[in-house]
Amino acid sequence: MNHSLLKSRQNEFAERLLDWFDEHGRHNLPWQGAGAYAVWVSEIMLQQTQVTTVLPYYAKFMARFPDVKTLADAPEDDVLSHWAGLGYYNRARNLQRAAQLVRDEHAGEFPDDFESVIALPGIGRSTAAAILAQAFGQQQAILDGNVKRILVRQFMVPGWPGSPKVQTVLWQHAESLTAECPVDRVADYTQAIMDLGALLCKRRAPLCQECPVSETCQAFLANAVAQYPSSKPKKLKPVKQTKMLVCRQGNEVLLIKRPATGIWPSLWSLPEAMPDAQLDEAVQQLGLRLLSQQPLPAFRHTFTHYHLDIEPVLCEVASSMVQDAPAQMWHNTRAASDGLPAWPAPVDKIVNKYLSKP
Ligand code: SF4
0 MNHSLLKSRQ
10 NEFAERLLDW
20 FDEHGRHNLP
30 WQGAGAYAVW
40 VSEIMLQQTQ
50 VTTVLPYYAK
60 FMARFPDVKT
70 LADAPEDDVL
80 SHWAGLGYYN
90 RARNLQRAAQ
100 LVRDEHAGEF
110 PDDFESVIAL
120 PGIGRSTAAA
130 ILAQAFGQQQ
140 AILDGNVKRI
150 LVRQFMVPGW
160 PGSPKVQTVL
170 WQHAESLTAE
180 CPVDRVADYT
190 QAIMDLGALL
200 CKRRAPLCQE
210 CPVSETCQAF
220 LANAVAQYPS
230 SKPKKLKPVK
240 QTKMLVCRQG
250 NEVLLIKRPA
260 TGIWPSLWSL
270 PEAMPDAQLD
280 EAVQQLGLRL
290 LSQQPLPAFR
300 HTFTHYHLDI
310 EPVLCEVASS
320 MVQDAPAQMW
330 HNTRAASDGL
340 PAWPAPVDKI
350 VNKYLSKP
């Protein structure tokens, strides 16, 4: 296809995407048309999580925190426990901090100008644009993970899409395509391009034969879709090690509240010991007596900057002098799943795998 024909087809990108969306897109998501607060909560939940996973958490969260003020005024623990299972708890903390700013600085009304929205904690350029486009119909381009993948393939953009240089190029493409969208359909266009990424232009095995914009997709035309996007350049991460003490008495396990700073701030976790620590001493320091111990399979948890190799050890303990207190509690592992404390993914994994079943 020659350059001018390709350009004119690109001008029809929005039109063809919207036609596809009308027939195949997602139209009944609970936050669609439900106002800025609902769209905002959904966008934050969707930052690291797929729509189908988000839906039940969203319903539970909105039932408990139906508006900005309720969220702003709630105890942090309550907000975190309604986030339990979604992970990446900083999103929940930022959401509440932002709700408090909206309450205090915007009279409880979610702002509708870009500068004010992007100034709120936890809201970057793409999330701000997605909220303004979907809640207020503003002509704003988004560039989330799905959109990046589509644009990299449409325009055969080389390089890792997370790098600032590549992102600058992708923002330009995102803006020029969004500018072609009819002004009364910006909210639909925003949903449509996210749906295209989630439903057809998937990371692996994209469904190009069903794609409404395959005619302009340069990677598709060059039979090179599998080569885009480029993967992240590998960097060796340092490895740290820890022992997690799964102190059990009957159906209960001891949880410790982590400090407000450092990894997993303010979440409920298992007590930890150095990899070479004497277990009976470590347990004794918790005010418990070790009856027996059983190593559980070790596993690796990866943070942005390092790997953490975790060795869980099941410790049957007795004669607890440790009572529930603000920073520690005994958690009943057979409790209903909607009463779970806010805890990090590795603790969730250990409790679910080794303690929840009779
Ligand atoms: Fe993605 Fe394939 Fe469509 Fe290109 S043709 S945008 S690779 S689904």
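Residue numbering for the sequence shown follows the numbering used here, starting at 0 and increasing by one per position.
For every residue, glycine included, the Cβ atom is placed at its ideal position computed from N, Cα and C.
Check: residue i C-beta below 8 Å from any heavy atom of the ligand SF4
i	result
valine 146	no
serine 213	yes
glutamine 327	no
leucine 199	yes
isoleucine 192	no
isoleucine 309	no
leucine 176	no
arginine 202	no
phenylalanine 20	no
proline 205	yes
arginine 15	no
phenylalanine 113	no
Residues near residue i by beta carbon distance below 6 Å, same chain, minus five either side
i	result
alanine 83	Leu339, Ala341
glutamine 133	Val38, Ala186, Thr189
aspartate 143	Ser125
Beta-carbon proximity list for residue i, same chain, < 7 Å, skipping 5 on both sides
i	result
lysine 231	Trp159, Gly161
proline 157	Ser229
alanine 127	Phe113, Val116, Ile117
asparagine 93	Pro120, Gly121
alanine 13	Leu176, Glu179, Cys180, Tyr188
asparagine 250	Asn331, Thr332, Arg333
histidine 304	Lys236
Contact under 9 Å by Cβ, residue i with residue j
i	j	result
histidine 306	alanine 344	no
isoleucine 141	phenylalanine 109	no
leucine 253	leucine 266	no
proline 205	arginine 288	no
glutamate 310	proline 294	yes
proline 29	tyrosine 57	yes
leucine 79	alanine 98	no
Alpha carbon of residue i to alpha carbon of residue j, nearest angstrom
i	j	result
glutamine 248	aspartate 347	18 Å
arginine 148	histidine 330	42 Å
leucine 85	tryptophan 170	28 Å
asparagine 222	serine 213	11 Å
valine 238	cysteine 246	25 Å
tyrosine 87	cysteine 210	32 Å
isoleucine 43	glutamine 277	43 Å
arginine 102	arginine 96	10 Å
Beta-carbon contacts of residue i that lie in its chain and below 8 Å, excluding the five residues immediately before and after
i	result
glutamine 208	none
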